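Everything below concerns the one structure shown next.
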Amino acid sequence: MTLAPPAARFGELTIHPDISRAIAELGFMAPTPVQTRAIPVLQAGRDLFAQAQTGTGKTAAFAIPILEKVDAVLKRPQALVVVPTRELALQVTREFGAIGKYRKSHEVAIYGGVPYGPQERALARGTQIVVGTPGRLLDHIEKGNLDLSGLFVVVLDEADRLLDMGFAPEVRRLLRRCPERRQTALFSATLVADVRDLAQRFSHDAVEVAIEPEKQNVDSIEQVYVEVLEQDKVRALEELLRRYETDQVLVFRHTKRGVDDLEEKLRKRKHNVAAIHGDMTQRERERTLERFREGDLHVLIATNVAARGLHIEDISHVVNYDLPEDAEVFTHRVGRTGRAGKTGVAVTFVGEWDFDQFDQLRAKAGVPFRREILELYDR
Ligand code: ADP
Ligand code: MG
């Protein structure tokens with residue numbers, strides 16, 4: 017007799033409470049679009065072909081349903097995730113560990129360039145979730161260390177990169193070794209014909225999920241982040257100001273104090289700068305913004321609160337000097353930089369304490385980010 021599984025909510029999704037607890041601890045507030053669409057498909061046992069940009073939470077989109085279904089009592093591989101690189105194998109394994117913190121199943125990363133022993137032992141213990149690169153996975157199969165007969169699901173993560181890196185023959189060999197009756201899921205950042213071919217060849221009646229690169233004018237905005245130590249932020253900003261000499265740069269800070277402090281520092285360094293204060297009326301703020309747009313000012317500094325209700329859509333450069341406090345503000349800000357027909361740039365400073373929060377904001381924003389190295393650190 018089976019009891020109906022207990023359930024918890026995660027946005028529109030129904031998920032296992034063990035997982036709900038773990039992702040709450042990880043700070044996931046709501047599922048990303050690809051998660052909302054992919055998870056029910058995998059929960060229903062269907063095959064899936066999902067495309068969404070990097071940083072949109074594709075790992076959890078397969079990790080959550082896999083962790084729900086794996087039977088920890090059975091000491092054998094039940095889920096296989098194929099990834100293109102060792103770094104990804106480790107990263108995905110870590111995410112399984114974090115999301116599966118309150119589940120009893122185990123996961124192992126399998127990749128080349130390291131001794132076989134520890135991987136062999138992990139497999140021999142009956143680890144249920146196996147995440148690996150194609151070559152080493154095949155090696156373990158040849159050696160009889162890895163038994164795929166108990167798999168219920170195979171995931172090809174970053175399928176486009178797997179193909180780009182020339183892994184197509186290995187991937188095909190692996191898939192041919194998997195049980196006929198199984199679920200197949202492909203995840204990809206891009207929708208290229210080769211990946212679609214692979215999906216068609218190796219899945220049955222797959223549900224296709226494609227997440228559009230987002231609403232509004234996001235296409236015309238280039239999202240960049242730079243890692244910068246708190247103590248170096250003024251120098252980092254000056255580097256950007258030099259780069260964007262002929263444009264206007266709108267800088268966001270958390271607090272009014274931070275705004276005042278930065279304004280003073282930049283003024284002392286002879287920048288043409290002004291601030292938008294919370295104690296200015298909306299009209300005064302709008303007028304200052306207008307002066308800025310017209311090129312009277314090079315740099316304008318504002319808090320979120322002060323910028324609220326202003327029309328800031330047509331500004332070429334926005335800098336998130338402090339990481340926005342919540343995803344709402346962030347998505348709004350980064351979505352409003354581009355101006356009609358031209359390309360806007362939004363630069364987000366990621367400080368030494370911001371990494372986790374930034375990852376979450378980025379996932380929520382649902383747009384791709386590019387990392388840039390500041391000249392400051394590039395020596
Ligand atoms: P992708 O595989 O699409 O490139 P990842 O799965 O690596 O993206 O996710 C990017 C980051 O977003 C990770 O740090 C992950 O932990 C985080 N993340 C995933 N889902 C969510 C969510 N629902 N809310 C907040 N952060 C999330
Ligand atoms: Mg990924």
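Quick note, the sequence shown lines up with residues 17 to 395 if you use our numbering. Every residue, glycine too, gets a C-beta built ideally from N, C-alpha and C. As the structure is a computational prediction, the values presented were derived from the model and not from experiment.
*Kindly list the residues whose CB is nearer than 8 Å to the CB of Ala138, restricted to its own chain and excluding five residues on each side of it in sequence; keep chain order.*
His122, Val124
_As a quick exercise: from Phe44, Ala38, Ser36, pick the residue whose alpha carbon is nearest that of Leu377._
Phe44
*Which residues does DSSP pair with Ala54 in a beta bridge?*
Its beta-bridge partners do not exist; DSSP assigns none.
*Starting from Glu123, follow its DSSP beta bridges and name the residues at the other end.*
Ile145
*By how many angstroms is the C-alpha of Val334 removed from the C-alpha of Val171?*
38 Å
_Cβ-Cβ distance between Ile145 and Val86 below 8 Å_ = yes
*May I ask you to verify whether the region 54-71 touches the region 201-209, counting CB pairs closer than 8 Å and requiring at least 3?*
Yes, they touch.
_N- and C-terminal bounds of the beta strand (DSSP E) containing Val171_ = 169-172
*Can at least three beta-carbon pairs, one atom from the region 175-193 and one from the region 154-167, be found at a separation below 8 Å?*
yes
*What residues are listed by DSSP as bridge partners for Tyr241?*
Bridge pairing for Tyr241: Thr364, Arg387 [DSSP].
*Return the chain-ordered list of same chain residues with a C-beta closer than 7 Å to the C-beta of Tyr127, the five sequence neighbours on each side being excluded.*
Arg102, Ala105, Gly148, Thr149, Arg152
*Terminal residues of the continuous beta strand (DSSP E) containing Ile331?*
For Ile331, no beta strand (DSSP E) encloses it, and the DSSP letter there is neither H nor E.
*Which partner residues of Phe65 appear in the DSSP bridge assignment?*
Its beta-bridge partners are Leu202, Glu224.
*How about Thr297: is its Cβ closer than 7 Å to a heavy atom in the ligand MG?*
no
_Please return the same chain residues whose Cβ sits closer than 7 Å to the Cβ of Ala322, not counting the five positions on each side in sequence._
Ile292, His293, Gly294, Arg301
*Straight-line Cα distance separating Asp375 from Val265*: 24 Å
*Among Leu162, Val223, Val267, Glu368, which has the Cα closest to the Cα of Arg141?*
It is Leu162 whose Cα lies nearest to the Cα of Arg141.
_Among Asp248, Ala76, Thr206, the one whose alpha carbon lies nearest that of Ala226_ = Thr206
*What is the chain-ordered set of residues for which the beta carbon lies under 6 Å from any non-hydrogen atom of the ligand MG?*
Lys74, Thr75, Asp173, Glu174
_Which of the three DSSP states is assigned to Leu96 in this structure?_
Of the three classes helix, strand and coil, the one that applies to Leu96 here is strand, per DSSP.
*Please state if the CB of Val267 and the CB of Ile331 are separated by a distance shorter than 8 Å.*
no
_Quick check: Leu167 and Arg119, are their CB atoms within less than 8 Å of each other?_
no
_Backbone secondary structure at Asp263 - three-state DSSP_ = coil
*asked:* So for Leu164, helix, strand or coil by DSSP?
replied: Coil at Leu164, not helix or strand.
*asked:* Relative to the C-alpha of His270, which candidate in Glu186, Thr319, Arg309, Pro93 has its C-alpha closest?
replied: Thr319
_Whole-angstrom C-beta distance between Ile31 and Ala24, which should lie under 8 Å_ = Their Cβ separation, rounded to whole angstroms, is 6 Å, which keeps Ala24 and Ile31 in contact under 8 Å.
_Between Asp221, Glu261, Gln59, Arg92, which has its C-alpha nearest Tyr77's C-alpha?_
In the sequence under discussion, the amino acid at residue 77 is Ala, which differs from the Tyr named in the question. Taking only the C-alpha atoms, the option nearest Ala77 is Gln59.
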